[in-house]
Amino acid sequence: MNKPVPQPGIMEIDLYVGGASGAPGSNVVKLSSNENPFGPSEAAIKAASVAAHQMHRYPEIDGYSLREALARHHGLEADNIILGVGSDEILQMVCNAYAGPGDEVIYTQHGFAMYRICALGAGATPVEVPEAERVTDVDAILAAVNDNTRIVFIANPNNPTGTMVGIPELTRLADNLPGHVMLVLDGAYAEFVDGYDGGAELARTRANVLMTRTFSKLYGLGGLRVGWGYAQREVIDVLNRLRAPFNISNIALEAAKAALADTAHIEKSLSENARLRVWLSEALATNGVQSDASMGNFILARFHDKEEATACNEYLASQGLIVRPVASYNLPHCLRITVGDEMSCRRVAHAIGAFKAGARA
Numbered sequence: 001m002n003k004p005v006p007q008p009g010i011m012e013i014d015l016y017v018g019g020a021s022g023a024p025g026s027n028v029v030k031l032s033s034n035e036n037p038f039g040p041s042e043a044a045i046k047a048a049s050v051a052a053h054q055m056h057r058y059p060e061i062d063g064y065s066l067r068e069a070l071a072r073h074h075g076l077e078a079d080n081i082i083l084g085v086g087s088d089e090i091l092q093m094v095c096n097a098y099a100g101p102g103d104e105v106i107y108t109q110h111g112f113a114m115y116r117i118c119a120l121g122a123g124a125t126p127v128e129v130p131e132a133e134r135v136t137d138v139d140a141i142l143a144a145v146n147d148n149t150r151i152v153f154i155a156n157p158n159n160p161t162g163t164m165v166g167i168p169e170l171t172r173l174a175d176n177l178p179g180h181v182m183l184v185l186d187g188a189y190a191e192f193v194d195g196y197d198g199g200a201e202l203a204r205t206r207a208n209v210l211m212t213r214t215f216s217k218l219y220g221l222g223g224l225r226v227g228w229g230y231a232q233r234e235v236i237d238v239l240n241r242l243r244a245p246f247n248i249s250n251i252a253l254e255a256a257k258a259a260l261a262d263t264a265h266i267e268k269s270l271s272e273n274a275r276l277r278v279w280l281s282e283a284l285a286t287n288g289v290q291s292d293a294s295m296g297n298f299i300l301a302r303f304h305d306k307e308e309a310t311a312c313n314e315y316l317a318s319q320g321l322i323v324r325p326v327a328s329y330n331l332p333h334c335l336r337i338t339v340g341d342e343m344s345c346r347r348v349a350h351a352i353g354a355f356k357a358g359a360r361a
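Next comes the structure, spelled out in structure tokens:
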């Protein structure tokens, strides 16, 4: 019997699996999705509540008021900004716009799962290149580029490793890519790095560089799905032809603008994350669990092998602590742990210490 057949590549996609959300018990702490432990700012909550009274109205067709606020905040040009339903939607737009059957899309060994998914969804061939001890390797990327390459995706800082490369290396990569290759700098965690612009200046000055950012991490708006991208106007014009009109809701637009303006909440979130990230990594190290210096709001804890990581994950779940196994990111011996508030960090450090001392689920 004849039946509809999906485009090539679609059935090769493994469905994206997010961090677990529940565990037995009443005192459960979720540390699996890199969410802000302090939640959204009160200003964002209030703005969303007020906007809810207008939910029968269509939002701005292109989110201009938020694009203007982002431009002022970051010193950018509003017309060079595009909004997405999370930055994931912009990653999809890029693949649909610039890659297709016969084309290749490069991402790194431990790179974000959506890069492969978006490439396959567009009919392109995903190409995984090695990292150097869990750090993006620019030379490996350049060696993999050929006439079929259309896009290079880099998360910087990277998820789930927490590592990053500096602007000089990103610049070297951008300057050595052929002009037909789009370099996408995924800055979902850029705000956690002091003095880092996420690649904005590269996107401003290079015709083939796009920076993406999100409100899901630092700003605590993961449930509203607001992301944005910045590139030269010609690129944004291409992406806008694929962007669905009214893609960002009234509630999300107003909450994002309020979150962007709430400097007190931002400063508290950043300072506590920086303090507790160091504390947690040192606490785990004293129990023999190493991690690379993380530049995000999470730590990649490395165990002896897959079996130990699996057993530790099961023990943590039995204690009401939800973390993220990352075997699907070629890291079977690791667990990614969100930096929570102080009590959460102390709980997970204590539990891992007990596990290493012999406790089991």
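180 is the number that the UniProt record's numbering gives to position 180 of the sequence shown; each next residue is one higher, with no gaps. The C-beta atom is built at its ideal place from N, Cα and C for all residues, glycine as well.
Candidates H265, I154, V181, of which the one nearest L221 by Cα: For the purposes of this step, residue 221 is taken as the residue at position 221 of the sequence shown. Selected option, being the one with the closest Cα: H265.
Check whether the Cβ of G100 sits closer than 7 Å to any heavy atom of the ligand GTP, and report yes or no. The ligand GTP is not among the ligands present in this structure, which contains no ligands whatsoever.
Any idea if R241 is buried or exposed, counting beta-carbon neighbours within 10 angstroms, 16 or more meaning buried? Reading the sequence shown from its first residue, position 241 is the one you call residue 241. Label assigned to R241: exposed.
Selected residue, minimal CA-CA separation from V29, among S344, D197, K356, I117: Residue 29 sits at position 29 when you count from the first residue of the sequence shown. Cα-wise, what sits closest to V29 is S344.
Closest by C-alpha distance to Q319, when choosing among V50, T214, F355, G166: Translated into the one-based positions of the sequence shown, residue 319 becomes position 319. The shortest C-alpha separation from Q319 is found at F355.
Short of 7 Å in beta carbon distance, which residues of its chain neighbour T149, apart from the five on each side in sequence? Order them along the chain. The count along the sequence shown starts at 1 and reaches residue 149 at position 149. Excluding positions up to five away in sequence, the list reads E104, I106, V181.
Contact belief for A44 with A301 at Cβ below 8 Å, rounded distance in angstroms: Residue 44 sits at position 44 when you count from the first residue of the sequence shown. Residue 301 sits at position 301 when you count from the first residue of the sequence shown. With a Cβ gap of about 31 Å, A44 and A301 do not count as contacting.
Tell me whether the beta-carbon of P157 lies closer than 8 Å to the beta-carbon of Y115. To locate residue 157, count along the sequence shown from 1; it is residue 157. To locate residue 115, count along the sequence shown from 1; it is residue 115. No. Outside cutoff.
Within 10 angstroms of its Cβ, does R225 collect 16 or more other Cβ (buried), or is it exposed? If you number the sequence shown from 1, residue 225 lands on position 225. With 16 or more Cβ atoms within 10 Å of its Cβ, R225 is classed as buried.
Runs of beta strand (DSSP E) wholly within the segment 120-202 (minimum 3 residues, chain order): 125-129, 149-155, 182-186
Please classify E104: does DSSP put it in a helix, a strand, or coil? Translated into positions along the sequence shown, residue 104 becomes position 104. Strand, per DSSP.
Spatial distance of A361 from H350 (CA atoms): Within the sequence shown, residue 361 is the residue found at index 361, counting from 1. Within the sequence shown, residue 350 is the residue found at index 350, counting from 1. Cα-Cα distance, rounded: 15 Å.
Three or more C-beta pairs below 8 Å linking the segment 197-212 and the segment 53-62: no
Measuring straight from C-alpha to C-alpha, what distance separates V127 and V145? Sequence index remark: in the sequence shown, residue 127 carries index 127 (1-based). Sequence index remark: in the sequence shown, residue 145 carries index 145 (1-based). V127 and V145: Cα-Cα distance of roughly 10 Å.
Tell me whether V348 is buried or exposed, calling it buried when 16 or more other Cβ atoms sit within 10 Å of its Cβ. Locating residue 348 in the sequence shown gives position 348, counting from the first residue. Result: buried.
Going by C-alpha to C-alpha distance, which of T161, F192, A200 sits closest to L170? In the sequence shown, the residue the question calls residue 170 occupies position 170. That would be A200, whose Cα lies nearest to the Cα of L170.
Let's see if you can read the secondary structure: which residues bound the beta strand (DSSP E) around A301? Working through the sequence shown from its first residue, we reach residue 301 at position 301. Segment 298-302, the beta strand (DSSP E) holding A301.
Measuring straight from C-alpha to C-alpha, what distance separates S8 and G123? Reading the sequence shown from its first residue, position 8 is the one you call residue 8. Reading the sequence shown from its first residue, position 123 is the one you call residue 123. At residue 8 the sequence reads Pro, which differs from the Ser that was named. Each residue's alpha carbon lies about 6 Å from the other.
With DSSP as the reference, please indicate the residues paired to R336 in a beta bridge. Residue 336 sits at position 336 when you count from the first residue of the sequence shown. In the DSSP output, where bridge partners are listed per residue, R336 has L300, R324.
Measuring only the C-alpha atoms, how far is N27 from A143? Taking the sequence shown and counting its residues from 1, one reaches residue 27 at position 27. Taking the sequence shown and counting its residues from 1, one reaches residue 143 at position 143. If you take the alpha carbons of N27 and A143, they lie about 49 Å apart.
Comparing alpha-carbon positions, which option in N36, M11, A69 lies nearest L253? Translated into positions along the sequence shown, residue 253 becomes position 253. Nearest C-alpha to L253: A69.
Is the beta carbon of G162 sitting closer than 8 Å to the one on D79? The residue you call residue 162 lines up with position 162 of the sequence shown. The residue you call residue 79 lines up with position 79 of the sequence shown. Not closer than 8 Å, so no.
Whole angstroms are fine: how far does the CA of E272 sit from the CA of T263? Numbered from its first residue, the sequence shown carries residue 263 at position 263. Numbered from its first residue, the sequence shown carries residue 272 at position 272. So the alpha carbons of these two residues sit roughly 14 Å apart.
Endpoints, beta strand (DSSP E) assigned at I13: If you number the sequence shown from 1, residue 13 lands on position 13. I13 -> no beta strand (DSSP E), and no H or E assigned at all.
Within its chain, find whatever has a CB closer than 7 Å to the CB of A283; leave out the 5 residues flanking it on each side and keep chain order. Numbered from its first residue, the sequence shown carries residue 283 at position 283. Excluding sequence neighbours, A283 sits near A349.
Are the beta-carbon atoms of N313 and V323 separated by less than 8 Å? Here residue 313 refers to the residue found at position 313 when the sequence shown is read from its first residue. Here residue 323 refers to the residue found at position 323 when the sequence shown is read from its first residue. Closer than 8 Å, so yes.
Are L120 and I236 closer than 8 Å when you measure CB to CB? Taking the sequence shown and counting its residues from 1, the one referred to as residue 120 is at position 120. Taking the sequence shown and counting its residues from 1, the one referred to as residue 236 is at position 236. Contact: no.
List the whole-angstrom C-beta distance separating E131 from H110, where the pair is believed to meet the contact cut-off of C-beta under 8 Å. By 1-based counting over the sequence shown, the position of residue 131 is 131. By 1-based counting over the sequence shown, the position of residue 110 is 110. Their Cβ separation, rounded to whole angstroms, is 6 Å, which keeps E131 and H110 in contact under 8 Å.
Assigned exposure category for E35 - 16 Cβ within 10 Å defines buried: Taking the sequence shown and counting its residues from 1, one reaches residue 35 at position 35. Result: buried.
I'd like the list of long-range same chain contacts for N287, defined as Cβ closer than 7 Å, with 5 residues on each side in sequence excluded. The sequence position of residue 287 within the sequence shown is 287, counting from 1. For N287, where only same-chain residues beyond five positions count, the Cβ hits under 7 Å are I352, G353, K356.
Would you grab the beta carbon distance between A223 and T212 for me? Rounded to a whole angstrom, and I think it's under 8 Å. For the purposes of this step, residue 223 is identified with residue 223 of the sequence shown, where counting begins at 1. For the purposes of this step, residue 212 is identified with residue 212 of the sequence shown, where counting begins at 1. The question names Ala, yet the displayed sequence has Gly at residue 223. With a Cβ gap of about 19 Å, G223 and T212 do not count as contacting.
Pull up the CB-CB distance for A48 and I251, whole angstroms please, since I reckon it's below 8 Å. As a working mapping, residue 48 is identified with position 48 in the sequence shown. As a working mapping, residue 251 is identified with position 251 in the sequence shown. Right, the Cβ-Cβ distance comes to about 5 Å (below 8 Å), so this counts as a contact.
Residues bridged to L83 by DSSP? Looking up residue 83 in the sequence shown gives position 83. According to DSSP, which records beta bridges pairwise, L83 is partnered with W228.
6 Å Cβ shell around P37 - same chain, five flanking residues per side excluded: Translated into positions along the sequence shown, residue 37 becomes position 37. Only G340, D341 meet the Cβ criterion.
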